[in-house]
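The working numbering numbers the first residue of the sequence shown as 4 and each following residue consecutively. Every residue gets a Cβ at the ideal spot worked out from N, C-alpha and C, and that includes glycine.
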Amino acid sequence: MSHGKTHYVCLPCRASYKQSYGRERERRCPRCARAMIHAGSAFAAPKRRDTDAWRALSVVLNAGIGFHKSCCGGPGWRPRTLREVKARTAYARRTGEPVARALLRYEV
């Protein structure tokens, strides 16, 4: 059974590529040849020049959070700015909640 296409992200290049899904091989960036991160089928890349959004995205993806569809609601809320990321990581430090879970909180 073939799977649909999903997004893979190269954070250093600030680029997203839609490719067929498969765990069996590592995806490489066509621009820099570094390994790409699987972001999910519901991912929408920020503009390349929006460095703040890409830095926030880097924290989210490196925390293991993806943008996968969950039924009809999409992936749910994700932080888009460094201010939102910093507020949630401070909340995680303050409360002891795992950072990955704190990053998914709409309000802190």
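Legend entry - Where the beta strand (DSSP E) through T9 begins and ends: By one-based count along the sequence shown, residue 9 stands at place 6. T9 -> beta strand (DSSP E) spans 8–13.
Inset, instruction - Could you check how far apart the C-beta atoms of P82 and V63 are, in whole angstroms? I think they sit under 8 angstroms. - result: Here residue 82 refers to the residue found at position 79 when the sequence shown is read from its first residue. Here residue 63 refers to the residue found at position 60 when the sequence shown is read from its first residue. With 8 angstroms as the limit, P82 and V63 qualify as a contact, their Cβ atoms being about 6 angstroms apart.
Legend entry - Collapsed DSSP secondary structure at M4 in the structure displayed: Locating residue 4 in the sequence shown gives position 1, counting from the first residue. In this prediction, M4 has a pLDDT of 45, which is less than 50 and means its spatial position is unreliable; what the coordinates show is noted afterwards. In the structure shown, M4 sits in coil (DSSP, three-state: anything other than H, G, I, E or B).
Legend entry - Touch test, the stretch 57–71 against the stretch 7–24, Cβ-Cβ under 8 angstroms, three pairs minimum: yes
Legend entry - the ligand SAM heavy atom lying under 7 angstroms from the CB of S73: The ligand SAM is not among the ligands present in this structure, which contains no ligands whatsoever.
Legend entry - Alpha-carbon to alpha-carbon, P101 and G79: Position 76 of the sequence shown, counted from the first residue, corresponds to residue 79. Position 98 of the sequence shown, counted from the first residue, corresponds to residue 101. Going from the Cα of G79 to the Cα of P101 covers about 18 angstroms.
Legend entry - DSSP beta-bridge partners of A18: Within the sequence shown, numbered from 1, the residue matching residue 18 stands at position 15. According to DSSP, which records beta bridges pairwise, A18 is partnered with C13.
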